[in-house]
Amino acid sequence: MNTIKDFFKTFLLFELLKGMALTGRYMFARKITVQFPEEKTPQGFRFRGLHAQRRYESGEERCIGCKLCEAVCPALAIKIAVAEREDGTRRTTQYDIDLTKCIFCGFCEESCPVDAIVETRVFEYHGENRGDLYYTKPMLLAVGDKHEAQIARDRAADSKYR
Amino acid sequence: MMEWLQPIQTLLGPAWLPIWTVLKIVLIIAPLMGGVAYLTLAERKVIGWMQIRIGPNRVGYFGLLQPLADGLKLFMKEIIIPSGANKFLFILAPIMTLMPALAAWAVVPFNAELVLSNVNAGLLYILAMTSLGVYGVIIAGWASNSKYAFLGCLRSAAQIVSYEIAMGFALVCVLMAAQSLNLGDIVRAQHGNYGMLNWYIIPLFPVFLVYLISGVAETNRAPFDVAEGESEIVAGFHVEYSGMAFALFFLGEYANMILIAFLTSIMFLGGWLSPVPFLPDSIVWMFAKVAFVLFLFLWFRATFPRYRYDQLMRLGWKIFIPISLLWVVVVGAWMQTSYWLW
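From first to last, the protein sequence lines stand for chains F and U. The opening residue of the first sequence carries number 40 in my numbering; numbering runs sequentially from there. The opening residue of the second sequence carries number 3 in my numbering; numbering runs sequentially from there.
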């Protein structure tokens, strides 16, 4: 009996018409396309975009050159050199992130004991020359200075889960 | 109807006929090319909508200039000829695909008067021309000297051979019912007092389906696009083509789609005849029916996954050919009884 039923279903194109009814319905469904430059998808406070180095409110840079981020980085994208500053504190003389290597896993951010290296919500950036995406310490600090308010808000929102 | 052309005709003398014919050809080909261009846009839009996307909307309002932008891009691109390719055949193949797709338009009637050449064996001519199209594909696949292209052209050859037969038998039913091979007469034979009930889609419904599906297969469209098979054999027969040579294949494919849509509406949907008796027959009906059939083509593509190759052959040989053969016999017997009302 089932064989006969299946035969007629196939022969009378029943399944095909069902499929076409489905796509026909979807033709009039609300479109879910996000038209990027004009519209944007919402971002969470844990969004992992462009890196930044933060400062304390006094203007002192947070990074103490512990190299935990360099050690944890799975893509080996971070390069750090450390020296003692005149006032006797331990500071980095070089802190480079190669964004072409970076996989944006967020491990550097998690490993940092002083919240110095963070990932911001910025994701629309580009480089026009080879090496433009090799971010050095002043560039990272500049990103941090520019977005500090947003960065601080995001850390505060995340703090209760840490 | 053409009296106002009389002075020009006397002025040109014997040169009149060729000039007038070329003019008519241009009048058919130019809108056809425009139709092809905007069919590509319609396809992207419709399939986009069915996948809950928007489709192209950046070039011009609603993406209306997108086909021009695409054409310009392809026109500017270099035509790369692989070093192992047979250069002559490689260049010839895209031309061979497009040529029959355009030549077939010579006998297609748009309404009762509007036809380039009113050939009595029009249907036969159409059948011959549409079969020629596959040579372009086969030559392209062979001349490219690439294994994917070669696989694609072999598939295409086998596919066309199988579906051509079913298509031919479907047309036999039509010409039996219409008692004519002239496309205009086929439409006129569907004229009656009951509008769409007089169309051949009613008595010939099974072969209508066979013809429509074979038409999809004939134009290498999804779900029968095994010759192209993007996900299996990259792009099949046109994998080595670029620039305008590549564009010609697409022009041919879409021109063929429009042709099949026209033929379907002429032979089964009553051509320019009005679907209801109280409205006048007009060329508008023709275009409406063609648009509907073309929409079906796009709808199929958005809905169905590609046939596996052996399933495709099974469908062609074991289902379509028996059905269309059976219906030839049924129609033949039916026409001898008094129950044949068409």
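Idealized CB from N, CA, C, for every residue including glycine. Bear in mind that the values here come from a model prediction, so they are computed numbers and not experimental data.
Listed by chain order, chain F residues near Ile54(U) by CB distance under 7 Å: Tyr65, Ala68, Lys70 and Ile71
Assigned secondary structure, Gln53(U) (DSSP; H/G/I helix, E/B strand, else coil): coil
For Leu300(U) and Leu55(F), the rounded distance between their alpha carbons: 14 Å
Chain F within 8 Å of Ala306(U), Cβ atoms only: The sequence as given places Phe at residue 306(U); Ala does not occur at that position. By this cut-off, Phe306(U) is an interface position.
Nonlocal neighbours in the same chain, by C-beta distance under 6 Å from Ile142(F), ignoring five residues either side: Ala114
Close beta carbons around Tyr2(U), own chain, < 7 Å, minus the five adjacent residues each side: Residue 2(U) lies beyond the range of chain U shown here (3 to 344); nothing can be said about it.
Beta-carbon gap between Phe84(F) and Ala196(F) smaller than 8 Å: yes
Any chain A beta carbon closer than 8 Å to Trp51(U): Looking at the structure shown, chain A is missing, and the protein chains on hand are F and U.
In chain order, each beta strand (DSSP E) run of at least 3 residues that lies wholly inside the region 66 to 102 of chain F: 90 to 92
Length of the line joining the Cα atoms of Gly154(U) and Ile97(U): 18 Å
Reduced DSSP category for Tyr341(U) - H, G, I as helix; E, B as strand; rest coil: coil
Stretch-stretch touch, CB-based, cutoff 8 Å, three pairs: the region 170 to 180 of chain F with the region 127 to 141 of chain F: yes
9 Å Cβ cut-off: residues of chain F touching Gly301(U): Residue 301(U) is actually Trp in this sequence, not Gly. Within chain F, the residues near Trp301(U) are Met59, Thr62, Gly63 and Met66.
Simplified DSSP state of Lys79(U), which is helix, strand or coil: coil
Length of the line joining the Cα atoms of Glu123(F) and Cys144(F): 30 Å
Presumed contact (8 Å Cβ cut-off) between Thr62(F) and Thr42(U), rounded CB distance: Contact flag wrong, Cβ pair sits at about 19 Å.
Helix, strand or coil at Val157(F) according to DSSP, with G and I counted as helix: strand
Counted within 10 angstroms of its Cβ, other Cβ atoms place Arg64(F) as buried (16 or more) or exposed: exposed
Simplified DSSP assignment, three categories, for Ala224(U): coil
Beta-carbon gap between Phe92(U) and Ser158(U) smaller than 8 Å: no
Terminal residues of the beta strand (DSSP E) in which Tyr134(F) lies: Arg129 to Asp137
Sequence ranges, alpha helix (DSSP H) only - wholly within the region 121 to 198 of chain U, length at least 4: 124 to 145, 149 to 180 and 185 to 191
Under 8 Å between C-beta atoms of Glu109(F) and Ile117(F): yes
8 Å Cβ cutoff met for Ile260(U) and Leu29(U): no
As assigned by DSSP and simplified to three states, the class of Ile117(F): strand
Integer-rounded CB distance, given that Met198(U) should sit under 8 Å from Gly272(U): 7 Å
Same chain, Cβ closer than 6 Å to Leu206(U), five either side skipped, listed in chain order: Cys175
Buried or exposed (CB count within 10 angstroms, at least 16 for buried), Met52(U): buried
C-beta contact flag for Tyr202(U) and Phe270(U) at 8 Å: yes
Run of the alpha helix (DSSP H) containing Thr49(F), from where it starts to where it stops: Asn41 to Phe50
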